[in-house]
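*Asks:* My structure is below; once you've seen it, I'll send some questions.
Protein chains: 2
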Amino acid sequence: MEAAIEQDKTKLPIGVFDSGVGGLTVVREIMRQIPNESIVYFGDTARVPYGGKSKETVTKYSRQIVRFLQEQQVKAIVVACNTASAYALEALEEETHLPIIGVVKPGAKTAVETTRNGKIGVIATKGTIRSEIYTQYIQQLNQNAQVVGKACPLFVSLVEEGLLEDPVTEEIAQRYLSGLIDVGIDTLILGCTHYPLIRSTVGKVMGPEVSLVNPAYETAKELKELLEEHHILRSDKPALGTNQYRFFVSDGAGDFQEFANSIFKYGVLSAKEIDIEKY
Amino acid sequence: MEAAIEQDKTKLPIGVFDSGVGGLTVVREIMRQIPNESIVYFGDTARVPYGGKSKETVTKYSRQIVRFLQEQQVKAIVVACNTASAYALEALEEETHLPIIGVVKPGAKTAVETTRNGKIGVIATKGTIRSEIYTQYIQQLNQNAQVVGKACPLFVSLVEEGLLEDPVTEEIAQRYLSGLIDVGIDTLILGCTHYPLIRSTVGKVMGPEVSLVNPAYETAKELKELLEEHHILRSDKPALGTNQYRFFVSDGAGDFQEFANSIFKYGVLSAKEIDIEKY
Chain A
27 MEAAIEQDKT KLPIGVFDSG VGGLTVVREI MRQIPNESIV YFGDTARVPY GGKSKETVTK
87 YSRQIVRFLQ EQQVKAIVVA CNTASAYALE ALEEETHLPI IGVVKPGAKT AVETTRNGKI
147 GVIATKGTIR SEIYTQYIQQ LNQNAQVVGK ACPLFVSLVE EGLLEDPVTE EIAQRYLSGL
207 IDVGIDTLIL GCTHYPLIRS TVGKVMGPEV SLVNPAYETA KELKELLEEH HILRSDKPAL
267 GTNQYRFFVS DGAGDFQEFA NSIFKYGVLS AKEIDIEKY
Chain B
27 MEAAIEQDKT KLPIGVFDSG VGGLTVVREI MRQIPNESIV YFGDTARVPY GGKSKETVTK
87 YSRQIVRFLQ EQQVKAIVVA CNTASAYALE ALEEETHLPI IGVVKPGAKT AVETTRNGKI
147 GVIATKGTIR SEIYTQYIQQ LNQNAQVVGK ACPLFVSLVE EGLLEDPVTE EIAQRYLSGL
207 IDVGIDTLIL GCTHYPLIRS TVGKVMGPEV SLVNPAYETA KELKELLEEH HILRSDKPAL
267 GTNQYRFFVS DGAGDFQEFA NSIFKYGVLS AKEIDIEKY
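In the order they appear, the protein sequences are chains A and B. Quick note: the first sequence uses the numbering used here, first residue 27, plus one each step. Quick note: the second sequence uses the numbering used here, first residue 27, plus one each step.
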């Protein structure tokens with residue numbers, strides 16, 4: 027009997043959420059690495075951005091979203107937002123029985139494995155930097171590592187305005203990143219899910235000797251391990267015609283779809299608006 | 027008896043709200059033009075920005091704020107946010123018995139009085155531009171006026187990052203505004219309450235022959251007239267030691283205060299956080 031229930035569970039979707047569109051870079055990695063899985067994505071577009079908001083507010087919002095995802099019968103949850111991972115993951119772990127994973131820990135782990143000189147930079151939102159969560163995780167793994175954080179609040183707006191490779195984005199990147207270059211970091215964590223979209227500009231400013239870490243990649247990898255551990259990794263492909271990927275937002279489904287399709291090669295066919303404050 | 031009630035009413039504060047800090051440019055004008063008045067300000071910092079959000083969401087948020095301000099016993103309400111004025115003012119007027127005024131109508135009126143060639147530009151958030159509300163008001167006053175709108179979504183982030191006079195802001199302004207220069211407008215409405223803070227950069231790009239209209243100024247003027255009309259304009263100064271100006275936000279009171287004091291010569295002594303979703 028129990029085996030039968032377990033078997034059913036593998037077919038349930040994975041819940042992924044972010045404050046807006048940034049989490050789609052994590053969805054993309056999950057699709058690539060575990061293509062059999064179904065996904066329910068929620069982007070909190072009515073209350074985006076989270077980066078400048080307080081721990082209490084981000085935790086409250088994350089709790090509402092987890093309740094919504096549970097209603098969608100997901101089998102596991104990915105917090106695909108660095109700010110929410112930094113502020114809310116612990117509280118969420120206490121409240122749900124589902125396997126839940128954030129993007130910060132996997133990113134920290136990769137950075138520690140990557141660095142040669144022990145000097146790691148983190149670029150992220152104000153909230154993530156203020157929380158010092160990357161520093162904590164990194165120093166748990168390597169207590170001698172030196173971690174330098176830098177909040178880059180304009181990057182999210184520049185990405186959402188589509189200025190992915192642009193002199194203005196490069197100029198802003200130079201200002202934000204010059205301190206990290208001076209310190210001599212050899213590894214830089216892209217600690218906000220929007221940032222992989224301006225990876226080439228960041229890479230150009232930092233130079234070829236600095237490794238860029240995209241936590242999305244490692245998160246998808248750890249998610250696969252987590253699903254295996256819980257015996258809920260899906261082994262077969264969903265039937266043809268199944269709606270494998272479903273997208274929900276709290277506002278502006280049209281704008282979300284347009285942006286998603288501009289960065290997202292898989293195609294977001296539709297996004298549905300829900301009232302997240304009810305949860 | 028009625029006269030006594032009226033007299034009491036004059037001492038009640040004016041409620042002013044915005045999605046965040048931008049509305050402080052309106053507060054500043056009210057302080058200058060009707061210095062006897064007390065003010066209760068609410069900035070919706072937990073859900074900022076409104077500019078990219080839908081009409082339904084902005085209206086819902088505005089309704090909650092009006093309920094909060096009514097609880098504070100305000101005698102009149104100023105919607106010091108262009109997006110909320112564009113999307114929600116009509117709905118709010120139907121729901122409250124209080125005198126209520128937005129920033130769009132006064133801005134439109136001044137622009138019509140200012141233009142010589144009948145070509146008026148409007149820069150604002152996506153929401154305000156999409157609503158075409160400035161065009162409607164302007165053409166009610168002058169049906170031959172030509173109105174050209176341009177959404178400038180990056181301006182809010184640049185202002186909040188403090189880049190008020192900066193080559194990057196100038197470069198972005200040049201891109202956003204070149205179309206308006208080509209059309210030959212002679213009057214430009216700063217249709218977002220953040221924009222007066224980059225007035226000098228916008229003026230530099232547009233050139234001295236283009237008049238910039240700051241709706242905040244005209245809104246304070248119309249507010250005074252509205253209070254007179256309703257016999258609720260305050261004639262005496264609040265007693266020394268009275269807390270004449272009170273500030274509320276939905277998140278990050280510390281950040282709000284810091285930003286407010288950086289742009290605001292009057293000094294925001296304290297800001298209090300409230301849970302706006304309860305209203």
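All C-beta atoms in this analysis are idealised placements derived from N, C-alpha and C, irrespective of residue type, glycine included.
1. Short check: CB of G153 of chain B to CB of Y113 of chain B, under 8 Å?
2. Are the C-beta of R156 of chain A and some C-beta of chain B separated by less than 8 Å?
3. Cβ atoms of V129 of chain B and P241 of chain B: under 8 Å apart, would you say?
4. Restricting to runs no shorter than 4 residues, where is the alpha helix (DSSP H) found entirely within the segment 192 to 246 of chain A?
5. For a cutoff of 8 Å on Cβ pairs, would you count K79 of chain B as touching chain A?
6. Using a beta-carbon distance below 8 Å, is S183 of chain A in contact with chain B?
7. What does a CB cutoff of less than 7 Å around S226 of chain B pick up in its chain, not counting 5 residues either side in sequence?
8. Measure from the C-beta of I198 of chain A to each C-beta in chain B and report whether the shortest distance is under 8 Å.
9. Taking a contact to mean a Cβ-Cβ separation below 8 Å, would you say G77 of chain A touches T109 of chain A in this structure?
10. Whose CA, out of B:E284, B:L124, B:D34 and B:T219, lies closest to the CA of Y243 of chain B?
11. By alpha-carbon positions, which one of A:V53, A:S111 and A:F43 ends up nearest to I91 of chain A?
12. Is it buried or exposed for A265 of chain B, if we count other Cβ within 10 angstroms and need 16 for buried?
13. What three-state label does DSSP hand I258 of chain A in the structure shown?
14. Provide the residue(s) that pair with D44 of chain B in DSSP beta bridges, ordered along the chain.
15. Going by DSSP, what residues sit across from F273 of chain A in a beta bridge?
16. Under a three-way DSSP split, which group does K291 of chain B fall into?
17. With distances taken between CB atoms, is the gap from Y67 of chain B to F273 of chain B smaller than 8 Å?
18. Taking C-beta pairs closer than 9 Å, name the residues in chain B that G278 of chain A reaches, listed in chain order.
19. DSSP has Q90 of chain B in a bridge; who is on the other side?
20. Taking DSSP as the reference, what is the three-state secondary structure of I103 of chain A?
21. According to DSSP, what are the bridge partners of A150 of chain A?
22. For R142 of chain B, which residues in chain A fall below 7 Å Cβ to Cβ?
23. Starting from K145 of chain B, follow its DSSP beta bridges and name the residues at the other end.
24. Quick check: the Cα distance between I164 of chain B and T140 of chain B, rounded to an integer number of angstroms?
25. Ignore the nearest five residues each way along the sequence and tell me which others in I198 of chain A's own chain have a CB closer than 6 Å to its CB.
26. For L167 of chain B, is the classification buried or exposed, using 16 other Cβ atoms within 10 angstroms of its Cβ as the cut-off for buried?
27. Starting from the Cα of D281 of chain A, find the closest Cα among A:N269, A:Y271, A:E63 and A:V294 and give me that residue.
28. Within the continuous beta strand (DSSP E) that includes G133 of chain A, where are the two ends?
29. Between which two residues does the alpha helix (DSSP H) holding S80 of chain A run?
30. Do G69 of chain B and V275 of chain B have their beta-carbon atoms positioned less than 8 Å apart in this structure?
31. I'd like to confirm the pairing. Which residues does DSSP put opposite I60 of chain A in its beta bridges?
32. Might you give, ordered along the chain, the residues of its own chain that have their beta carbon closer than 7 Å to the beta carbon of E119 of chain B, omitting 5 neighbours on each side?
33. Which residues of chain B have a Cβ atom closer than 7 Å to the Cβ of R89 of chain A, listed in chain order?
34. Against P241 of chain A, what residues of chain B qualify as contacts under a CB-to-CB distance less than 7 Å, listed in chain order?
*Replies:* Answer, in terms of the structure:
1. Translated into the one-based positions of the second sequence, residue 153 of chain B becomes position 127. Translated into the one-based positions of the second sequence, residue 113 of chain B becomes position 87. A contact, by the Cβ cut-off of 8 Å.
2. One-based indexing of the first sequence puts residue 156 of chain A at position 130. Using a CB distance cut-off of 8 Å, R156 of chain A does not count as an interface residue toward chain B.
3. What you label residue 241 of chain B is simply residue 215 of the second sequence in a count that begins at 1. What you label residue 129 of chain B is simply residue 103 of the second sequence in a count that begins at 1. Yes. Within cutoff.
4. 193 to 209 and 225 to 232
5. Counted from its first residue, the second sequence places residue 79 of chain B at position 53. So, interface residue.
6. The residue labelled residue 183 of chain A in the question sits at position 157 within the first sequence. S183 of chain A counts as touching chain B.
7. Taking the second sequence and counting its residues from 1, one reaches residue 226 of chain B at position 200. Counting only Cβ-Cβ distances below 7 Å, and skipping sequence neighbours, we find E191.
8. As a working note, residue 198 of chain A is residue 172 in the first sequence. Yes, its Cβ sits closer than 8 Å to a Cβ of chain B.
9. For the purposes of this step, residue 77 of chain A is taken as residue 51 along the first sequence, with counting starting at 1. For the purposes of this step, residue 109 of chain A is taken as residue 83 along the first sequence, with counting starting at 1. Going by C-beta atoms, G77 of chain A is nearer than 8 Å to T109 of chain A.
10. Locating residue 243 of chain B in the second sequence gives position 217, where the first residue counts as 1. Looking at the Cα atoms, B:T219 is the closest of the given residues.
11. Position 65 of the first sequence, counting from 1, holds the residue named residue 91 of chain A. Ranking A:V53, A:S111 and A:F43 by Cα distance to I91 of chain A puts A:F43 first.
12. Your numbering for residue 265 of chain B matches position 239 in the second sequence. Under this definition A265 of chain B is an exposed residue.
13. Along the first sequence, one-based indexing puts residue 258 of chain A at 232. Coil.
14. Locating residue 44 of chain B in the second sequence gives position 18, where the first residue counts as 1. Looking at the DSSP assignment, D44 of chain B forms a beta bridge with B:G69.
15. Counting from 1 along the first sequence, the entry for residue 273 of chain A is found at position 247. Answer is A:Y67 and A:A297.
16. As a first step, residue 291 of chain B is located in the second sequence; it is residue number 265 there, counting from the start. When DSSP states are grouped into helix, strand and coil, K291 of chain B belongs to the coil group.
17. Your numbering for residue 67 of chain B matches position 41 in the second sequence. Your numbering for residue 273 of chain B matches position 247 in the second sequence. Yes; because the gap between Cβ atoms is below 8 Å, this pair is in contact.
18. Here residue 278 of chain A is taken as the residue at index 252 of the first sequence, counted from 1. Within 9 Å Cβ-Cβ: G78, K79, S80 and T83.
19. For the purposes of this step, residue 90 of chain B is identified with residue 64 of the second sequence, where counting begins at 1. For Q90 of chain B, which the question treats as bridged, DSSP gives no partner whatsoever.
20. Counting from 1 along the first sequence, the entry for residue 103 of chain A is found at position 77. Strand, per DSSP.
21. Residue numbering aside, residue 150 of chain A sits at position 124 when the first sequence is read from its first letter. Note: A150 of chain A sits in a beta bridge opposite A:A177.
22. Counting from one through the second sequence, the residue named residue 142 of chain B turns up at place 116. What R142 of chain B touches in chain A, judged by beta-carbon distance under 7 Å, is nothing: the nearest beta carbon there is about 33 Å away.
23. For this step, residue 145 of chain B is matched to residue 119 along the second sequence. For K145 of chain B, which the question treats as bridged, DSSP gives the partners B:Q172.
24. In the second sequence, counting from the first residue as 1, residue 164 of chain B sits at position 138. In the second sequence, counting from the first residue as 1, residue 140 of chain B sits at position 114. If I take the Cα positions, the gap works out to 12 Å.
25. The sequence position of residue 198 of chain A within the first sequence is 172, counting from 1. Correct list, in chain order: L180.
26. Here residue 167 of chain B corresponds to residue number 141 of the second sequence, with the count starting at 1. Under this definition L167 of chain B is an exposed residue.
27. Stepping through the first sequence from its first residue, residue 281 of chain A is reached at position 255. Ranking the options by Cα distance to D281 of chain A, first place goes to A:V294.
28. Indexing the first sequence from 1 puts residue 133 of chain A at position 107. Counting along the chain, no beta strand (DSSP E) covers G133 of chain A; the unbroken alpha helix (DSSP H) around it starts and ends at V130 to T140.
29. What you label residue 80 of chain A is simply residue 54 of the first sequence in a count that begins at 1. From DSSP, S80 of chain A is part of no alpha helix (DSSP H); its letter is neither H nor E.
30. Sequence index remark: in the second sequence, residue 275 of chain B carries index 249 (1-based). Sequence index remark: in the second sequence, residue 69 of chain B carries index 43 (1-based). Result yes, Cβ atoms of V275 of chain B and G69 of chain B sit closer than 8 Å.
31. Mapped onto the first sequence, residue 60 of chain A falls at position 34. I60 of chain A is not bridged by DSSP to any residue.
32. Locating residue 119 of chain B in the second sequence gives position 93, counting from the first residue. The answer, listed in chain order, is I126.
33. In the first sequence, residue 89 of chain A corresponds to position 63, counting from 1. What R89 of chain A touches in chain B: nothing, since even the nearest Cβ is about 13 Å away.
34. Here residue 241 of chain A is taken as the residue at index 215 of the first sequence, counted from 1. The premise fails here: P241 of chain A is roughly 23 Å from chain B at the closest Cβ pair, so nothing lies under 7 Å.
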